[in-house]
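Using our numbering, you'd call the opening residue of the sequence shown number -7 and step up by one each time.
Quick reminder that beta carbons are idealized off the backbone N, C-alpha and C, glycines included.
In this text, all values refer to a predicted model and were calculated from it rather than measured experimentally.
Notes follow once the structure below has been shown.
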Amino acid sequence: MTHLAALTLALCLDALMGDPRWLPHPVRGMGWLITYFDRRWNGGNGRRLKGAAAVAAVLVIVYGLSAAVVQASYALSMYVGVAVEAVLIFTAIAPKSLAEAAEDVRRPLEAGDLLSARRALSMIVGRDTERLDEAGIARACVETVAENTSDGVTAPLFYAALGGAPLALLYRAVNTCDSMVGYKNETYREFGWAAARLDDMLNYIPARLTALVMVLAYGGRRLRRSLAVLFRDARCHPSPNSGWPEAGMAALLGVQLGGTNTYGGVVSRRPTIGDPDVPLRAAHIHQATRIMIGTVLMFTLLLWIGGMIVALAGAWGESARTL
């Protein structure tokens, strides 16, 4: 239950502070470690094994340091422990920053300033943005909000509920490794293999839970159709996990995501997700951020319910053994 209290306090801190630049951020340290191993081990023979060793080293360091800090904090008092854990979990989630980044795209897009909207979008997506029209900008932003609802918020909360701040930061370390070296190009196809596979494994359950919570919370009269679209299109994404929250978001908004993107001038054609009931517009970005925030709150509530059920079951089992 202390983990649940800590992750709830972490969400409150995020709502108040967002992602302040002055705060030392563990993800920067993770990035430094990954870069260190990348420069020294990503070459020659056995790059897949070297990449796996690099990921293992990063995870041991991140988990070991965070577990030591948390254990020392709880040794002082439960209140200090919860507070320190909350701060650490706070660094692993980013709902407010995600919403703000999406709004930075929506505002100029809604005003007809495509140049500024493309510039803001380029800060949060990897695709080429120079030639995107309103629909293309809105699609890219909605896809990013949907995918990061799981990757950037509910997944670390899920692992925080299971194992506290150390497990949440371990998840964030895997996610960071994947974002830096998990590419299918000549440089990282072998070295980043372990990072990509481990990221897929850790996101498997959170991505599906997030999509289901999203649709159940906001489906309303469209619930049956939204669930049908979710299970029909979730596997259309190249990622085994990202398609789930994207399909849920597309179903709720009545829009079509996916399709053709360009990365570094190279065209990538993907299956579409969702039905084009309405054309994508700037307003869909705001709707997507509202759905993201509501999904996070509902997900957190369900974590609390699950935690209380486990605690009650444990208490009942303990009392039964003493009788």
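Heavy atom of the ligand MN within 6 angstroms of residue i beta-carbon
i: Glu139; result: Ligands are entirely absent from the displayed structure, and the ligand MN is therefore not among its contents.
Inter-residue Cα distance where the pair is residue i and residue j
i: Val61; j: Leu25; result: 19 angstroms
i: Leu57; j: Gly144; result: 21 angstroms
i: Asp269; j: Val247; result: 6 angstroms
i: Ala112; j: Glu95; result: 9 angstroms
i: Val54; j: Leu154; result: 17 angstroms
i: Thr281; j: Ser311; result: 45 angstroms
i: Leu222; j: Glu238; result: 9 angstroms
i: Arg131; j: Ala78; result: 34 angstroms
i: Thr27; j: Ala45; result: 14 angstroms
i: Asp105; j: Arg261; result: 27 angstroms
i: Ala187; j: Ala147; result: 16 angstroms
Contact set for residue i: own chain, Cβ-Cβ below 8 angstroms, skip 5 residues either direction
i: Gly118; result: Tyr255
i: Ala296; result: Going by the sequence as given, residue 296 is Trp instead of Ala. Taken in chain order, the residues that qualify are Leu(-4) and Thr0.
i: Gly235; result: Asp225, Ala226, Arg227, Cys228, His229 and Ile265
Contact under 7 angstroms by Cβ, residue i with residue j
i: Val173; j: Leu190; result: no
i: Pro18; j: Thr83; result: yes
i: Val74; j: Thr(-6); result: yes
i: Leu194; j: Tyr175; result: no
i: His278; j: Leu245; result: no
i: Thr287; j: Thr179; result: no
i: Pro198; j: Phe150; result: yes
Beta-carbon contacts of residue i that lie in its chain and below 6 angstroms, excluding the five residues immediately before and after
i: Lys42; result: Trp33
i: Ser89; result: Gly10 and Asp11
Where residue i falls, given that 16 or more other Cβ within 10 Å makes a residue buried
i: Met284; result: buried
i: Arg39; result: buried
i: Glu122; result: exposed
i: Arg313; result: exposed
i: Ser69; result: exposed
i: Thr252; result: exposed
Sequence-distant residues of its chain with Cβ nearer than 7 angstroms to residue i (five each side left out)
i: Met290; result: Val205 and Ala209
### Task
List in chain order: all unbroken alpha helix (DSSP H) runs of 4+ residues lying wholly within the region 232 to 276.
235 to 245
### Task
Run through the region 49 to 137 for me and flag every whole alpha helix (DSSP H) of 4 or more residues, listed as ranges in chain order.
70 to 82, 87 to 102 and 106 to 114
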